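Undergrad:
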Amino acid sequence: MSRRHHIGLLLLCLAWLLPGMVGHAPWRGGDGAHFLQFLSLLQGDLLLGRGEDLVAPLYYWVAAGSAWLTSPWLALHDGARLASGLFVALSLFFAARAARELYGPDHQWAAALILVGSVGLLVRGHEMNAYTAQLAGASIALYGMARVGSDVRGGWALGAGLVSMLLAGGMAEPLLFVAIALALPLLLASHRSGPALRGLALGLALAVVAGGGWLMFLGTQGIDLARALAFDRWLGGDRVDSRHLYFPGILGWYTWPAWPLAGWALYHERRHWQRAGIVLPVLMLLGLLVLYAPLARPSEASGLILLLPMAVLGAAGLLSLRRGAAKALLWFAVMGLSFLGLVFWVYWSAHDLGYPTRLAARLVRLKVIDTPELRIWALLSGVLVTSVWVAVVLKSRRSPLRPALLWAAGMTFVWALLHGLFSGPLDRRLSHAYLAREIAAEVPATACIEADGVATQARKLLAYHSGRELLADSTKACDWLLIQTRRRNESPSPDGWQKRWDGARTGERDERFHLYERN
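If you're matching positions, the sequence shown starts at -8 in our numbering and goes up one per residue.
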């Protein structure tokens, strides 16, 4: 592969990473939850946190650094969210290096492209998400275990990956990887050589020393180790909502298109399965599925690490894929993702031009828009993104990488087009920033607001964006009252208060906020 092709693939990965990473307020859900966690630690103890805010701190350390470095140009939430981009970039790099060690140099870009094209990474990799740090640590550890079969220096990567996973997500996943590392000499001849054993010993020794030092430090702080090491993800207290088949149930769409490629790799190598390229990712995937079966609150965000073994194993399947299957995957990517882009353009036309009229009328009825209004920058950015996608489809040449390349490029196209056409509307729909500005216009900067029935995340995000103090209790006498209702047309009228404002996020028909001033 020429240098020009390497640069092109690198630019594709960058084009996937950048859209949606900055330029919008924290969105409700995972993005907002992790930002509030970061904000809480930033205002308290970023080293460890205390009480309910105790977390594995690696992601938040990096987020604090990125927010500080970019503070002259970016808002706090945008700068902190760059940590996700950094950790995803590390994941792509070390997943590619692991595939190179396991299968050869022709496979390294295959692993990166499959990971970029994975459906489960698209949203969760672009939001503020502490599990991206765990994914990066797992990628480094996987690369280390792959490399020790041929180079003792792989032990350094194994140790660094294990320590990163400990600081990023707790004790459970590093212990699983330690068990896998110990099992490799029993299963693989390549890992029974003297250099391989020394590399494994080096990596495990580094993990024990650094991890032991971290645990001793936690002990000096009087911290409950079960919580500090994230074992509460399994214990859960009274909030357990365990669904043992959650992750097996979502793998079909979450890891697409990696899983059919991984399945083909297993079938193709069924007579030669005792290779590191088969044993290592399979052990990792099965171990994680067993480990996560009793997880107290499983979620898409916490399952990012499952994408790694699928993508690496899929790299082995991609280059041995038969021509008919490769063409089917290629054209499914081109036709399916192009159709999704067409749907986005139809919605843009209804949103900005008022045509189709029935769809535009529905957007007005849902209060997504008041009247259609052309946004020239959205149009120009959409045209640019679409033109690049068409050029990639037409210019791509036949190669074993082409199905993964077009799938990754197609996912980049739909994500960039979505943000190009609808960045503003998405922010109004998914964030509390616009509501906060309207509240700030009504309430003096020195006043406090009593929040009645306002969800915790909404209350904290409204306080962050408005710069006003929103109190969840009535211990302090406030001259302003904010009430959140969750039933359509409900409008409370508390005695002694006069309504000053009410509003809701764009497109939200049931959830509404009402602001009152004391008489």
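Positions of the beta carbon are idealized from the N, C-alpha and C atoms, including for glycine. These figures come from a predicted structure and were not determined experimentally.
What alpha helix (DSSP H) runs, 4 residues minimum, are completely inside the region 114 to 202?
TA: The qualifying runs are 122 to 138, 145 to 160, 163 to 178.
Undergrad: Between the region 296 to 306 and the region 95 to 102, do at least 3 Cβ pairs fall closer than 8 Å?
TA: Flag = yes, the region 296 to 306 and the region 95 to 102 touch.
Undergrad: Just to confirm, is the Cβ distance from Leu472 to Glu441 under 8 Å?
TA: Yes; because the gap between Cβ atoms is below 8 Å, this pair is in contact.
Undergrad: Count the other C-beta atoms from every protein chain shown that fall within 10 angstroms of the C-beta of Trp244, then say buried if there are 16 or more, exposed otherwise.
TA: So Trp244 counts as exposed.
Undergrad: Checking 8 Å against the spacing of the C-beta atoms, do Gly513 and Gly146 come in under that value?
TA: Because the chain is modelled from -8 through 510, residue 513 falls outside the range shown and cannot be assessed.
Undergrad: Is there contact between the region 311 to 320 and the region 287 to 294, where contact requires at least three CB pairs shorter than 8 Å?
TA: With a cut-off of 8 Å, the region 287 to 294 and the region 311 to 320 do not count as touching, because too few Cβ pairs lie within range.
Undergrad: For Ser422, which residues does DSSP report across the bridge?
TA: Answer by DSSP bridge pairing, in chain order: Trp18.
Undergrad: Give the range of the alpha helix (DSSP H) segment to which Lys386 is assigned.
TA: From DSSP, the alpha helix (DSSP H) with Lys386 extends over 367 to 386.
Undergrad: When you compare the region 83 to 91 with the region 9 to 17, are there three or more beta-carbon pairs, one atom per stretch, that lie closer than 8 Å?
TA: No: fewer than three Cβ pairs fall under 8 Å.
Undergrad: How many whole angstroms separate the CB atoms of Gly411 and Val376, which I take to be in contact at a CB cut-off of 8 Å?
TA: About 5 Å; that satisfies the 8 Å criterion.
Undergrad: What are the boundary residues of the beta strand (DSSP E) that includes Arg88?
TA: Here Arg88 belongs to no beta strand (DSSP E); instead the alpha helix (DSSP H) covers 67 to 94.
Undergrad: Just reading off the beta strand (DSSP E) that His505 is part of, what are its end residues?
TA: That run of the beta strand (DSSP E) goes 503 to 509.
Undergrad: According to DSSP, what are the bridge partners of Ile440?
TA: Answer is Leu461, Trp471, bridged to Ile440.
Undergrad: State the Cα-Cα distance for the pair Gly152 and Ser387, rounded to the nearest angstrom.
TA: Straight-line Cα distance between these residues: approximately 36 Å.
Undergrad: Locate the beta strand (DSSP E) running through Gly494, then write down its first and last residues.
TA: Gly494 -> beta strand (DSSP E) spans 488 to 494.
Undergrad: Identify which residue in Asp486, Lys451, Phe208, Thr211 has its Cα closest to the Cα of Arg510.
TA: The sequence shown places Asn at residue 510, not Arg. Nearest option by C-alpha distance: Asp486.
Undergrad: List the endpoints of the continuous alpha helix (DSSP H) containing Gln99.
TA: Looking at the DSSP string, the run of the alpha helix (DSSP H) that includes Gln99 is 99 to 108.
Undergrad: Which residues bound the alpha helix (DSSP H) around Lys272?
TA: In the sequence as displayed, the identity of residue 272 is Pro instead of Lys. 267 to 283 is the extent of the alpha helix (DSSP H) around Pro272.
Undergrad: Give the single residue among Ser184, Ala463, Gln125 whose Cα lies nearest to the Cα of Ser82.
TA: Checking every option, the nearest Cα to that of Ser82 belongs to Gln125.
Undergrad: Enumerated in chain order, which unbroken segments of the alpha helix (DSSP H) with a length of 4 residues or greater are wholly contained in the region 294 to 338?
TA: As far as the region 294 to 338 is concerned, its whole alpha helix (DSSP H) runs of at least 4 residues are 298 to 309.
Undergrad: With which residues is Thr497 paired in a DSSP beta bridge?
TA: The partner list for Thr497 (beta bridge, DSSP) is empty, contrary to what the question assumes.
Undergrad: For Glu164, collect the residues of the same chain with a Cβ closer than 6 Å to its Cβ; drop the 5 residues on either side in sequence, then sort them by chain order.
TA: Contacts found: Met156.
Undergrad: In the DSSP output, what is Thr476 paired with across the bridge?
TA: Paired residue(s): Arg503.
Undergrad: Comparing alpha-carbon positions, which option in Leu421, Ala148, Val139, Pro239 lies nearest Gly128?
TA: With distances taken between Cα atoms, Gly128 lies closest to Ala148.
Undergrad: Would you call the CB atoms of Trp250 and Met207 closer than 8 Å?
TA: No, the Cβ-Cβ distance between Trp250 and Met207 is not below 8 Å.
Undergrad: So, is Trp64 buried or exposed, given that buried needs 16 or more other C-beta atoms within 10 angstroms?
TA: Flag for Trp64 reads exposed.
Undergrad: Does the separation of the CB atoms of Ala267 and Ser181 fall below 8 Å?
TA: It is a contact, given that the beta carbons lie within the stated cut-off.
Undergrad: Does the beta-carbon of Gln28 have 16 or more other beta-carbons within 10 angstroms, so that it is buried, or is it exposed?
TA: Per the 10 Å Cβ criterion, buried.
Undergrad: Anyone know if the C-beta pair for Leu195 and Val169 falls short of 8 Å?
TA: Contact flag set, yes.
Undergrad: I want to know whether the region 386 to 403 touches the region 340 to 354 - three or more CB-CB distances under 8 Å.
TA: Not touching, per the Cβ criterion.
Undergrad: Taking the alpha carbon of Ser329 as the reference point, which residue from Ala6, Ala399, Ala495 has its own alpha carbon closest?
TA: Ser329 has its Cα closest to that of Ala399, out of Ala6, Ala399, Ala495.
Undergrad: Do you know offhand how far Gly373's Cα is from Ser75's?
TA: Rounded to the nearest angstrom, the two C-alpha atoms are 25 Å apart.
Undergrad: Secondary structure at Ala55, three-state DSSP: helix, strand or coil?
TA: Three-state DSSP puts Ala55 in a helix.
Undergrad: Grouping DSSP H, G and I as helix and E and B as strand, with all else coil, what is Leu2?
TA: If DSSP states are grouped into helix, strand and coil, Leu2 belongs with the helices.
Undergrad: Compute the distance between the beta-carbons of Thr476 and Lys358, then report whether it is under 8 Å.
TA: No, these two residues do not count as a Cβ contact at 8 Å.
Undergrad: Helix or strand or just coil, what does DSSP make of Thr61?
TA: If DSSP states are grouped into helix, strand and coil, Thr61 belongs with coil.
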